[in-house]
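S.K.:
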Amino acid sequence: MTALENPKIKATLERLHNAARGDWLVFLRAVPAAAVGALTGRGVVDSVKPYLKSAYIPIDAAQGRALYQFARMSGARTIVEFGCSFGISAIYLAAAVRDNGGGRVITTELEPEKIKAARANFAAAGVDGLIDLREGDAMETLRDVATPVDLLFLDGWKELCLPVLKLMEAKLKPGAAVFCDDMKGFRKTLKPYADYVRDPAGSYVSMALPLGDELEFSVRA
Ligand SMILES: C[S@@+](CC[C@H](N)C(=O)[O-])C[C@H]1O[C@@H](n2cnc3c(N)ncnc32)[C@H](O)[C@@H]1O
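Per the numbering used here, residue 301 is the first one in the sequence shown, and the count goes up by one each step.
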């Protein structure tokens, strides 16, 4: 039996995926702000960010299982995540680390309420001992992560995915897997990221996987 079938992990993930279905209400409340953002040139994403403080905006269950599988396949023991939210993806990654024999998922989050809830969710799933949740801006909280990192998952605000990748780059072991979510929905914002990881003369071999809102899967040379 894998950790994904562990009753506490399974029940916590089911509860959280169900709760995340309520995000539509948050998005509905944000519609007027999105319209104002689009009309004033401020930008839709920046205008709705204050509304997203209570939104899960998580990976879906298929993405979670895929991340688990990739982490297992690579024997990942040190995993870094940018963008924890309520902790759904971190729980899938912690399940893989547990089944790989132990290690650490280092994740990070800006919002105090989400941090509090994520800690409670990790305890409910019984994976709190495997997760190091760092409070604050990823560009600061991930600075002192030790080498080597086996797997990196980028799922915070999209304009920071490339800066966070560059921050972590020297710490990625050769052959490390890097994932970035929402390549389709944030195609424009993530274009510099896609250009960087897909550059044939660069340091990665990369492709978009048709999972969720497209998951970029890159392997460090
Ligand atoms: C898409 S959600 C993450 C969902 C999560 N990975 C999951 O699947 O459950 C993005 C999260 O990143 C957080 N975030 C955005 N920018 C951040 C930053 N600079 N440092 C830390 N967290 C950040 C947001 O507050 C938000 O909760």
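Idealized CB from N, CA, C, for every residue including glycine.
DSSP three-state label for Lys416, please.
M.R.: In the structure shown, Lys416 sits in a helix (DSSP, three-state: H, G or I).
S.K.: Can you confirm whether the region 472-486 touches the region 506-519 when touching is taken to mean that 3 or more C-beta pairs between the two stretches lie within less than 8 Å?
M.R.: Yes, the region 506-519 is in contact with the region 472-486.
S.K.: Report all residues from its chain with a CB closer than 8 Å to the CB of His548; omit the five preceding and five following residues, and keep chain order.
M.R.: Because the chain is modelled from 301 through 521, residue 548 falls outside the range shown and cannot be assessed.
S.K.: If you measure between the beta carbons of Gly429 and Leu410, is that distance less than 8 Å?
M.R.: no
S.K.: Less than 8 Å between the CB atoms is what I'm expecting for Met323 and Tyr356, so what's the real figure, rounded?
M.R.: Reading off the sequence shown, one finds Asp at residue 323, where the question assumed Met. Sure, about 6 Å apart at Cβ, within 8 Å.
S.K.: Return yes when the Cβ of Leu462 is within less than 8 Å of the Cβ of Tyr493, no when it is not.
M.R.: yes
S.K.: How close, in whole Å, do the beta carbons of Leu451 and Ile379 come, if the pair is a contact with beta carbons under 8 Å?
M.R.: 5 Å
S.K.: Could you say if the region 383-398 and the region 329-346 meet the contact criterion of at least three C-beta pairs nearer than 8 Å?
M.R.: no
S.K.: DSSP three-state label for Val348, please.
M.R.: helix
S.K.: Out of Lys484, Ser354, Lys471, Ser506, which has the shortest C-alpha to C-alpha gap to Leu325?
M.R.: Ser354
S.K.: Pull up the CB-CB distance for Leu509 and Lys458, whole angstroms please, since I reckon it's below 8 Å.
M.R.: In fact, because the Cβ distance is near 17 Å, the residues do not count as touching under 8 Å.
S.K.: Under 7 Å: does the beta carbon of Trp457 sit that close to some heavy atom of ligand 1?
M.R.: yes
S.K.: Which complete alpha helix (DSSP H) runs does the region 453-480 hold, if anything under 4 residues is left out?
M.R.: List check, alpha helix (DSSP H) in window: 461-468.
S.K.: By how many angstroms is the C-alpha of Pro412 removed from the C-alpha of Arg365?
M.R.: 27 Å
S.K.: Say the cut is 7 Å; is the CB of Pro261 nearer than that to a heavy atom of ligand 1?
M.R.: Because the chain in this structure spans residues 301 to 521, residue 261 falls outside the shown range and cannot be described.
S.K.: From which residue to which residue does the alpha helix (DSSP H) around Ser389 run?
M.R.: 388-399 is the span of the alpha helix (DSSP H), which, as asked, contains Ser389.
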